[in-house]
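*Asks:* Please see the structure below; I have some questions.
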Amino acid sequence: MESNNNNNNNNATQGTYSTERMGESSRMFISHIKQYFASLPIFALFVIAISWLIALADVPGRMTQSHMPLISQWLYLSVNKVLSHWQGHRILLYPLASPGFSLLITNTLLTLPYMAAMERKHGTLKLAWLLITFYTCGIGLVYIVLLGIFRTSTVWIESSYVAGLSGWAVALSVWSAMEDESEGQSNDRMLFGVIRIPGRVMPYLIIAFYLFLVPDTSLLLHLLAAGVAFLYFTKRIPARFLPSDDMYKHYEGRTWLERITSSTRFVSMDAATSGYLPIHNATSSHISTPAVSHNVNVGGFPGQGQRLGDE
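With my numbering as the guide, the letters of the sequence shown map in order to residues 753 to 1063.
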């Protein structure tokens, strides 16, 4: 009887200890998530927040017999809607359309780290301009034109549509990988926060992931996104379409943007260009060691030091 009681006490103690460990791990995880979102730049946080709010607002419509989302049905990119119904706003707003919760989670995990890092590195206004103009409207226009050419001969084009941030995920991964490589960095990336992948391989994996595991997404749009990112990084986009850094700084000082630029989450051009410190891995060839002074007064010796071998 006594041994049974001891075993029961030991089991109870182990169970309590395991519960405490699980509780501590959960608290640490929640604390890490809160800290991560508290440090997000303003544009990255805004885009993700709006995407999730639209997805939540779509739920009542998805629960009806038509399964038609309430808001996203007016946002997704469709050749038929743009060319036949003249709904040009879709070329601008389709990244915010909800493709469903499972794909929304995937897009968030793939897009948010790149978007936050590039905003800290290049500034809020610059990243917002590039994403909205080239990586959204530019890609959307080319997509509509290419599909519109074959619209009359292919039936499935009429019903095809694009929604979500997958195009941004591809474009940002290509841009980031090329930029890191040009700077001599070999920053690894965490796929879904779990699997460590070399940064230069990530764009290929992301495109392959969407192609084979998410068949509802558009391979054409992803290839266009990768192509535009390549053209931008290699400076093959005409300079007249790219505002200068001074232009961004000019708009940062405008009074009508003061409520945004005064936010602690806003990343100005000065903070982006002077405050960004690249993180090097051990494999990087650009690691530098701090200079060590040879005139160190050890132990508070009051006299003038003399090195061994000096005469």
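Cβ atoms here follow ideal geometry from the backbone N, Cα and C, with glycine treated the same way.
Alpha carbons only, please: which of L893, T888 and S934 is nearest the one belonging to G916?
*Replies:* That would be T888, whose Cα lies nearest to the Cα of G916.
*Asks:* Return yes when the Cβ of L808 is within less than 8 angstroms of the Cβ of Y895, no when it is not.
*Replies:* No.
*Asks:* Which residues in the same chain have their Cβ closer than 7 angstroms to the Cβ of T885, if we skip the five residues on either side of it in sequence?
*Replies:* Excluding sequence neighbours, T885 sits near nothing in its chain.
*Asks:* Can you confirm whether the segment 984-1004 touches the segment 958-967 when touching is taken to mean that 3 or more C-beta pairs between the two stretches lie within less than 8 angstroms?
*Replies:* No, the segment 958-967 is not in contact with the segment 984-1004.
*Asks:* Could you tell me which of R948, H974, L797 and K833 sits nearest to E871, measuring between CA atoms?
*Replies:* Nearest C-alpha to E871: L797.
*Asks:* Report all residues from its chain with a CB closer than 7 angstroms to the CB of L976; omit the five preceding and five following residues, and keep chain order.
*Replies:* These residues qualify, in order along the chain: I891, V894 and Y895.
*Asks:* When the Cα atoms are used, what is the spatial distance from R903 to I989?
*Replies:* Distance between the alpha carbons of R903 and I989: 28 angstroms.
*Asks:* Are there 16 or more other CB atoms within 10 angstroms of the CB of L983, so buried, or fewer, so exposed?
*Replies:* Exposed: under 16 other Cβ atoms inside 10 Å.
*Asks:* For A978 and I843, I'd like the C-alpha separation in whole angstroms.
*Replies:* Computed Cα separation, rounded: 18 angstroms.
*Asks:* So, helix, strand or coil for D968, using DSSP?
*Replies:* Residue state, collapsed to three classes: coil.
*Asks:* Could you give the first and the last residue of the continuous beta strand (DSSP E) run that contains R948?
*Replies:* First-last of the beta strand (DSSP E) with R948: I947 to P950.
*Asks:* Can the beta-carbon of G951 be found closer than 8 angstroms to that of D932?
*Replies:* In contact: G951 and D932 (Cβ atoms closer than 8 angstroms).
*Asks:* By Cβ distance below 7 angstroms, which residues in the same chain neighbour A1034 in space, the five residues on each side in sequence not counted?
*Replies:* With a pLDDT of 39 at A1034, under the threshold of 50, the modelled position of this residue cannot be trusted; read the value that follows with caution. Excluding residues within five positions, none has a Cβ falling inside 7 angstroms.
*Asks:* How is L829 classed by DSSP in three states: helix, strand or coil?
*Replies:* Here L829 sits in strand by DSSP.
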